[in-house]
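For reference, the structure is listed below as C-alpha coordinates.
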Amino acid sequence: MNPKKLIKSVKALTGWRETAFILALAERALPNIILFLESVERSEVDSNAFPKGFSSLMETSWESAVFHPKEEAIIACLDEVVAHIIEEELDSFGILPCNNGLELWEMALVSALNRDKKRAEEASQVSIATVSEFLEFTEGDGLDENALIRLFEKHELMVRELSFQQALCDLLRGSDKLSKDLLRNLRALARDDGWSNLGISLDD
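Residues in the sequence shown are numbered from 1 upward in steps of one, following the numbering used here.
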(Lines of atoms letter the chains of each structure in order from A and count residues from 1; the text may use other names and numbers.)
(Lines give C-alpha, C1' and ligand atoms only; values in the text may rest on other atoms or scores of the structure.)
Protein backbone atom coordinates (compact mmCIF):
# COMPACT_ATOMS: atom_id res chain seq x y z
CA MET A 1 0.00 0.00 0.00
CA ASN A 2 1.41 3.36 -1.05
CA PRO A 3 0.56 6.03 1.59
CA LYS A 4 1.36 8.87 -0.83
CA LYS A 5 -1.09 7.47 -3.36
CA LEU A 6 -3.74 7.26 -0.64
CA ILE A 7 -3.24 10.87 0.42
CA LYS A 8 -3.53 12.01 -3.19
CA SER A 9 -6.68 9.93 -3.69
CA VAL A 10 -8.30 11.28 -0.53
CA LYS A 11 -7.49 14.89 -1.40
CA ALA A 12 -9.18 14.45 -4.79
CA LEU A 13 -12.56 13.64 -3.21
CA THR A 14 -15.17 16.40 -3.36
CA GLY A 15 -18.87 16.94 -2.74
CA TRP A 16 -20.98 13.87 -2.00
CA ARG A 17 -17.97 11.61 -2.61
CA GLU A 18 -16.14 13.26 0.29
CA THR A 19 -19.17 12.90 2.58
CA ALA A 20 -19.60 9.25 1.58
CA PHE A 21 -15.91 8.53 2.23
CA ILE A 22 -16.03 9.99 5.74
CA LEU A 23 -19.33 8.32 6.58
CA ALA A 24 -17.92 4.96 5.45
CA LEU A 25 -15.02 5.46 7.88
CA ALA A 26 -17.56 6.15 10.61
CA GLU A 27 -19.61 3.07 9.76
CA ARG A 28 -16.50 0.90 9.93
CA ALA A 29 -15.88 2.33 13.42
CA LEU A 30 -19.45 1.58 14.55
CA PRO A 31 -18.55 -1.58 16.55
CA ASN A 32 -15.94 0.47 18.46
CA ILE A 33 -18.58 3.08 19.26
CA ILE A 34 -21.37 0.73 20.31
CA LEU A 35 -19.17 -1.62 22.36
CA PHE A 36 -17.81 1.18 24.52
CA LEU A 37 -21.09 3.08 24.91
CA GLU A 38 -22.80 -0.13 26.00
CA SER A 39 -20.04 -0.76 28.54
CA VAL A 40 -20.68 2.63 30.17
CA GLU A 41 -24.47 2.41 29.71
CA ARG A 42 -24.71 5.36 27.33
CA SER A 43 -25.91 3.63 24.19
CA GLU A 44 -29.52 4.82 24.23
CA VAL A 45 -30.71 6.61 21.09
CA ASP A 46 -33.97 8.52 20.55
CA SER A 47 -36.27 5.58 19.81
CA ASN A 48 -38.92 7.75 18.17
CA ALA A 49 -36.55 9.12 15.54
CA PHE A 50 -34.27 6.08 15.34
CA PRO A 51 -36.27 2.96 16.32
CA LYS A 52 -33.39 0.52 15.75
CA GLY A 53 -30.85 2.58 17.66
CA PHE A 54 -27.48 3.21 16.08
CA SER A 55 -28.43 1.08 13.08
CA SER A 56 -31.30 3.45 12.27
CA LEU A 57 -29.12 6.46 12.97
CA MET A 58 -26.54 5.25 10.46
CA GLU A 59 -29.21 4.43 7.86
CA THR A 60 -30.70 7.90 8.21
CA SER A 61 -27.25 9.48 8.01
CA TRP A 62 -26.57 7.82 4.65
CA GLU A 63 -30.00 8.68 3.32
CA SER A 64 -30.05 12.33 4.44
CA ALA A 65 -26.38 13.25 4.05
CA VAL A 66 -25.49 11.39 0.85
CA PHE A 67 -28.34 9.91 -1.16
CA HIS A 68 -31.19 12.40 -0.66
CA PRO A 69 -29.68 15.42 1.13
CA LYS A 70 -32.11 16.91 3.62
CA GLU A 71 -30.86 19.53 6.06
CA GLU A 72 -33.44 18.95 8.79
CA ALA A 73 -32.71 15.21 8.91
CA ILE A 74 -28.95 15.79 8.83
CA ILE A 75 -29.20 18.13 11.83
CA ALA A 76 -31.31 15.58 13.73
CA CYS A 77 -28.63 12.94 13.11
CA LEU A 78 -25.88 15.38 14.03
CA ASP A 79 -27.52 16.27 17.35
CA GLU A 80 -27.83 12.59 18.25
CA VAL A 81 -24.23 11.78 17.31
CA VAL A 82 -22.75 14.74 19.18
CA ALA A 83 -24.83 13.90 22.27
CA HIS A 84 -22.94 10.60 22.59
CA ILE A 85 -19.43 12.09 22.53
CA ILE A 86 -17.98 11.57 26.00
CA GLU A 87 -16.46 14.78 27.31
CA GLU A 88 -15.24 13.66 30.74
CA GLU A 89 -12.06 11.66 31.27
CA LEU A 90 -12.62 7.95 31.85
CA ASP A 91 -9.96 5.43 32.80
CA SER A 92 -10.42 3.26 29.73
CA PHE A 93 -8.70 3.10 26.36
CA GLY A 94 -12.05 2.37 24.75
CA ILE A 95 -13.14 5.98 25.05
CA LEU A 96 -10.58 6.97 22.39
CA PRO A 97 -11.78 4.79 19.48
CA CYS A 98 -15.37 5.49 20.52
CA ASN A 99 -14.95 9.26 20.41
CA ASN A 100 -12.83 9.07 17.25
CA GLY A 101 -15.61 7.15 15.54
CA LEU A 102 -18.21 9.67 16.68
CA GLU A 103 -15.94 12.49 15.50
CA LEU A 104 -15.79 10.90 12.04
CA TRP A 105 -19.56 10.59 12.03
CA GLU A 106 -19.92 14.23 13.02
CA MET A 107 -17.46 15.29 10.31
CA ALA A 108 -19.42 13.39 7.65
CA LEU A 109 -22.69 15.07 8.59
CA VAL A 110 -21.11 18.52 8.82
CA SER A 111 -19.50 18.01 5.41
CA ALA A 112 -22.98 17.47 3.96
CA LEU A 113 -24.11 20.79 5.44
CA ASN A 114 -21.03 22.73 4.36
CA ARG A 115 -19.17 21.64 1.23
CA ASP A 116 -16.77 24.59 1.33
CA LYS A 117 -14.33 23.10 3.83
CA LYS A 118 -12.44 19.95 2.85
CA ARG A 119 -12.57 17.29 5.56
CA ALA A 120 -11.66 13.97 3.96
CA GLU A 121 -7.92 14.17 4.62
CA GLU A 122 -8.43 14.98 8.30
CA ALA A 123 -10.95 12.15 8.59
CA SER A 124 -8.52 9.74 6.95
CA GLN A 125 -5.86 10.63 9.51
CA VAL A 126 -8.28 10.28 12.44
CA SER A 127 -9.12 6.75 11.34
CA ILE A 128 -5.47 5.83 10.80
CA ALA A 129 -4.52 7.33 14.18
CA THR A 130 -7.19 5.21 15.87
CA VAL A 131 -5.44 2.09 14.57
CA SER A 132 -1.92 3.26 15.45
CA GLU A 133 -2.97 4.28 18.98
CA PHE A 134 -4.65 0.90 19.48
CA LEU A 135 -1.53 -0.94 18.31
CA GLU A 136 0.68 1.13 20.60
CA PHE A 137 -1.66 0.42 23.53
CA THR A 138 -1.94 -3.33 22.90
CA GLU A 139 1.46 -4.24 21.45
CA GLY A 140 3.76 -1.25 21.85
CA ASP A 141 4.87 -1.60 25.46
CA GLY A 142 8.64 -1.26 25.67
CA LEU A 143 9.13 -0.48 21.97
CA ASP A 144 11.24 2.48 20.92
CA GLU A 145 10.10 4.93 18.24
CA ASN A 146 11.65 3.02 15.34
CA ALA A 147 10.17 -0.27 16.50
CA LEU A 148 6.76 1.36 16.82
CA ILE A 149 6.99 2.68 13.27
CA ARG A 150 7.83 -0.82 12.02
CA LEU A 151 4.90 -2.21 14.00
CA PHE A 152 2.54 0.31 12.44
CA GLU A 153 3.84 -0.26 8.90
CA LYS A 154 3.63 -4.05 8.95
CA HIS A 155 0.70 -4.86 11.22
CA GLU A 156 -2.30 -6.49 9.57
CA LEU A 157 -4.73 -3.96 11.08
CA MET A 158 -2.85 -1.02 9.59
CA VAL A 159 -2.45 -2.73 6.22
CA ARG A 160 -6.20 -3.39 6.20
CA GLU A 161 -6.97 0.21 7.20
CA LEU A 162 -4.91 1.73 4.40
CA SER A 163 -6.19 -0.78 1.85
CA PHE A 164 -9.78 -0.10 2.94
CA GLN A 165 -9.40 3.65 2.52
CA GLN A 166 -7.81 3.24 -0.91
CA ALA A 167 -10.59 0.86 -1.97
CA LEU A 168 -13.17 3.45 -0.90
CA CYS A 169 -11.42 6.14 -2.94
CA ASP A 170 -11.16 3.89 -5.99
CA LEU A 171 -14.84 2.96 -5.77
CA LEU A 172 -15.96 6.58 -5.37
CA ARG A 173 -13.72 8.03 -8.07
CA GLY A 174 -14.61 5.22 -10.48
CA SER A 175 -18.32 6.01 -10.27
CA ASP A 176 -19.79 8.61 -12.60
CA LYS A 177 -22.87 9.18 -10.47
CA LEU A 178 -24.45 8.38 -7.14
CA SER A 179 -26.64 5.28 -7.19
CA LYS A 180 -28.19 2.74 -4.85
CA ASP A 181 -25.75 0.11 -6.10
CA LEU A 182 -22.80 2.36 -5.29
CA LEU A 183 -24.08 3.03 -1.77
CA ARG A 184 -24.70 -0.68 -1.26
CA ASN A 185 -21.13 -1.47 -2.31
CA LEU A 186 -19.67 1.32 -0.17
CA ARG A 187 -21.53 0.17 2.91
CA ALA A 188 -20.67 -3.48 2.35
CA LEU A 189 -17.02 -2.45 2.18
CA ALA A 190 -17.38 -0.37 5.35
CA ARG A 191 -19.16 -3.08 7.31
CA ASP A 192 -16.42 -5.60 6.51
CA ASP A 193 -18.61 -8.50 7.68
CA GLY A 194 -19.11 -6.79 11.04
CA TRP A 195 -15.44 -6.11 11.87
CA SER A 196 -14.19 -2.67 12.85
CA ASN A 197 -10.83 -1.17 11.93
CA LEU A 198 -9.54 -2.46 15.30
CA GLY A 199 -10.63 -6.03 14.60
CA ILE A 200 -13.62 -5.71 16.95
CA SER A 201 -16.91 -7.45 16.21
CA LEU A 202 -20.13 -7.12 18.18
CA ASP A 203 -20.81 -10.79 17.40
CA ASP A 204 -17.78 -11.99 19.37
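Just so you know, even glycine gets a beta-carbon here, dropped at the ideal spot from N, CA and C.
None of these values were measured; they are calculated from a predicted model.
7 Å CB neighbourhood of residue i in its chain, flanking five on each side removed
i	result
S69	Checking the sequence, you will find Pro at residue 69 rather than Ser. Around P69: A112.
L172	L13, R17, A20, F21
S139	It should be pointed out that residue 139 corresponds to Glu in this sequence rather than to Ser. For E139, where only same-chain residues beyond five positions count, the Cβ hits under 7 Å are L151.
G199	L157
Endpoints, alpha helix (DSSP H) assigned at residue i
i	result
A12	Per DSSP, A12 belongs to no alpha helix (DSSP H) and is neither H nor E.
N114	Looking at the DSSP string, N114 is not in any alpha helix (DSSP H), and its letter there is neither H nor E.
N214	Given a span of 1 to 204 for the chain in the structure shown, any question on residue 214 remains unanswerable.
V131	120-139
Burial state of residue i, where buried means 16 or more other Cβ atoms lie within 10 Å
i	result
P214	There is no way to answer for residue 214, as the model of the chain reaches only from 1 to 204.
For residue j and residue i, the rounded distance between their alpha carbons
i	j	result
E161	N197	6 Å
W195	G142	28 Å
S179	T130	30 Å
C77	E27	14 Å
C169	N2	13 Å
R184	E63	12 Å
L148	V159	15 Å
L6	L151	19 Å
E88	K4	36 Å
I86	D181	35 Å
S132	N146	14 Å
D79	V66	17 Å
Neighbourhood of residue i by C-beta distance below 6 Å, restricted to the same chain and skipping five residues each side
i	result
M107	I22, R119, A123
Own chain residues within Cβ distance below 8 Å of residue i, not counting five before or after
i	result
L189	A24, F164, A167, L168, L171
S202	According to the sequence as given, residue 202 is Leu; it is not Ser. Once the five neighbours on either side are set aside, the close Cβ partners of L202 are P31, I34, L35, G194.
TODO: Determine, using beta-carbon pairs with one atom in the region 119-130 and one in the region 90-108, whether at least three such pairs fall under 8 Å.
DONE: Judged by pairs of C-beta atoms under 8 Å, the region 119-130 touches the region 90-108, as three or more such pairs exist.
Open item on the list: Does the region 89-97 come into contact with the region 36-55, if we say contact requires no fewer than three beta-carbon pairs (one atom in each stretch) closer than 8 Å?
Closed with: By the Cβ test, the region 89-97 is in contact with the region 36-55, since at least three Cβ pairs between them sit closer than 8 Å.
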